[in-house]
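Data first, discussion second: the structure below is written as structure tokens.
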Amino acid sequence: MTDKIPYLDLPAQIRSVRKEIDAALARTLDNCTFCLGPDVAQFEKDFAKFCDAKHCVAFNSGTSALHVAMRLLNVGPGDEVITTPFTFIATSWAISYTGAKPVFVDIDDASMNLDPKLLEKAITPRTKVILPVHLYGHPFDLDPVLAICKKHKLPLVEDACQSHGAKYKGKTVGTFGEISCFSFYPGKNLGACGEGGALVTNSAAFDKRARGLREHGSTVRYYHDEIGYNYRMEGFQGAVLGVKLKHLEKWTNERRRVAHRYHELLGGTPLQLPREAGYAESAWHLYVVRHPRRDELKAHLEANGVGCAVHYPISLHLQKAYADLGHKLGDFPVAEKAARECLSLPIYPELTDAQIRRVVEAIKNFFK
Ligand SMILES: Cc1ncc(COP(=O)(O)O)c(C=O)c1O
0 MTDKIPYLDL PAQIRSVRKE IDAALARTLD NCTFCLGPDV AQFEKDFAKF CDAKHCVAFN
60 SGTSALHVAM RLLNVGPGDE VITTPFTFIA TSWAISYTGA KPVFVDIDDA SMNLDPKLLE
120 KAITPRTKVI LPVHLYGHPF DLDPVLAICK KHKLPLVEDA CQSHGAKYKG KTVGTFGEIS
180 CFSFYPGKNL GACGEGGALV TNSAAFDKRA RGLREHGSTV RYYHDEIGYN YRMEGFQGAV
240 LGVKLKHLEK WTNERRRVAH RYHELLGGTP LQLPREAGYA ESAWHLYVVR HPRRDELKAH
300 LEANGVGCAV HYPISLHLQK AYADLGHKLG DFPVAEKAAR ECLSLPIYPE LTDAQIRRVV
360 EAIKNFFK
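Everything in the sequence shown is counted per numbering that gives the first Met the number 0, starting at 0 for the first residue and increasing by one.
Quick look at the structure:
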């Protein structure tokens, strides 16, 4: 039997940089710089440069970075933050943690990102922030969203947790809004060997306050200016991310190769394929195809040794945790349809052409 094709092959990635990571981790161990420290500080500089931003503050997760972004914009009880119902739930957790209410706006069927055409209708006097997501590595359409933010004097936070290095009209995402947040969860395009996240901004004031909030609301030890958190990045993660960041551009190009190959080979099948909008250069975090018989196709692929996954099976407005928002089936039909149809195929820099062809062959056999 031929080898299985895993949905994600992290061991292959680690093997490719193992020596560099070993050396970086050994250095951190020798220096005992476990919480923040010089490796994290260096990574912050490097990642800010990568995003073409003035500041980067490292966190222990993307969720923490998003939560602090909401705190920086003084979001709290009684406020509303507009976001997409079709994302990983951490996006809306950040809103809920502050006591504010997530207000969902349906997505656009082609990009599966928040539909800018529906945004303005959702704005009320309580709206405090607009928080769309660059889903699957593909930027949302920033210009119309920025125009609405400007008109209503509302700050924009980009959830870029899946979109390291994605470009909108030639410019890297991360500085279009007041704040952007990234995740370095291991399976992300830039992944730590554990949890990690970052907040990116051009504001020196946000940078300073974010550093305080991630360390118990304190900039001078044992003096606490406001209620804060233990959201520090570990030294080991800073060391690993510093190594991996050097490879990110090359890895993104490899993801692009995989995406283009799928596109070429899957054309003519009944699948709805992901497309880059004219304004976008996707980071191709995920390659998500769509079909009404998604569950059968997933079972077929798995039975044929092809790993795949569903991102995401239930949109946020229908999650049990948000029952108190009072939503029902049909409130956001485009997101609900996407949740029924989406299927993520294997995509990673190490995926070979032979593996891609096997994935495609298994898909074509399903439709025969
Ligand atoms: C869109 C989105 N937002 C937020 C997060 C949260 O990041 P983390 O898992 O690092 O807390 C993730 C990643 O899982 C994500 O994909």
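For each residue, glycine too, the CB sits at the ideal point set by N, CA and C.
Residue i beta carbon near ligand 1 (any heavy atom closer than 7 Å)
i: G190; result: no
i: S182; result: yes
i: C50; result: no
i: V80; result: no
i: A197; result: no
i: E194; result: yes
i: V156; result: no
i: S110; result: no
i: F42; result: no
i: Q236; result: no
i: F87; result: yes
i: S60; result: yes
i: L65; result: yes
i: T90; result: yes
i: C341; result: no
i: Q271; result: no
i: V132; result: yes
i: Q161; result: yes
Residue i, DSSP secondary structure in three states
i: Y278; result: coil
i: E157; result: strand
i: E245; result: Rather than Glu, the amino acid found at residue 245 in this sequence is Lys. Reduced to three states, the DSSP call for K245 is coil.
i: C148; result: helix
i: R220; result: coil
i: K168; result: coil
i: S179; result: strand
i: R208; result: helix
i: Y286; result: strand
i: L113; result: strand
i: I88; result: coil
i: I94; result: helix
i: Q41; result: helix
i: P348; result: coil
i: P124; result: coil
i: H299; result: helix
i: F366; result: helix
i: K18; result: helix
i: K327; result: coil
i: S162; result: coil
i: H137; result: coil
i: V333; result: helix
i: K187; result: coil
i: G61; result: helix
i: P76; result: coil
i: D107; result: coil
i: T174; result: coil
i: Q354; result: helix
Counterpart residues of residue i in DSSP-defined beta bridges
i: Q371; result: Residue 371 is absent from the model: the chain starts at 0 and stops at 367.
i: A308; result: S343
i: E214; result: N229
i: I81; result: V102 and I129
i: C50; result: Note: C50 sits in no beta bridge, so no partner.
i: V56; result: L198
i: I313; result: DSSP output for I313 lists no bridge partner at all.
i: C34; result: E233
i: L271; result: Note on identity: in this sequence residue 271 is Gln, with Leu being the wrong assignment. Paired residue(s): R289.
i: I4; result: V305
Cβ of residue i within 8 Å of any chain B Cβ
i: K319; result: No chain B is present in this structure, which holds just one protein chain.
- [ ] Examine the Cβ distances between the region 259-267 and the region 57-73 and report whether three or more of them are shorter than 8 Å.
- [x] no
Open item on the list: Three Cβ pairs or more, each shorter than 8 Å: is that satisfied between the region 231-241 and the region 93-110?
Closed with: no
Open item on the list: Check whether the region 242-258 and the region 203-223 touch, using three or more Cβ-Cβ pairs below 8 Å as the test.
Closed with: no
Open item on the list: Under 8 Å: do the region 267-282 and the region 79-98 share three or more Cβ pairs, one atom per stretch?
Closed with: no
Task: Three CB pairs or more closer than 8 Å across the region 341-349 and the region 281-289 - done: yes
- [ ] Would you check if the region 300-318 and the region 347-363 touch, i.e. whether three or more CB-CB distances between them fall below 8 Å?
- [x] yes
Open item on the list: Under 8 Å: do the region 131-148 and the region 107-123 share three or more Cβ pairs, one atom per stretch?
Closed with: yes
Open item on the list: Assess contact between the region 41-59 and the region 186-206, defined as three or more Cβ pairs (one per stretch) separated by less than 8 Å. Is contact present?
Closed with: yes
Open item on the list: Taking 8 Å as the cut-off, does the region 69-76 touch the region 288-300 (at least 3 CB pairs, one atom from each stretch)?
Closed with: no
Task: the region 184-193 in contact with the region 38-45 per 3-pair CB rule at 8 Å - done: no
Open item on the list: Closer than 8 Å is the cut-off here; do at least three beta carbon pairs connect the region 220-228 with the region 304-323?
Closed with: no
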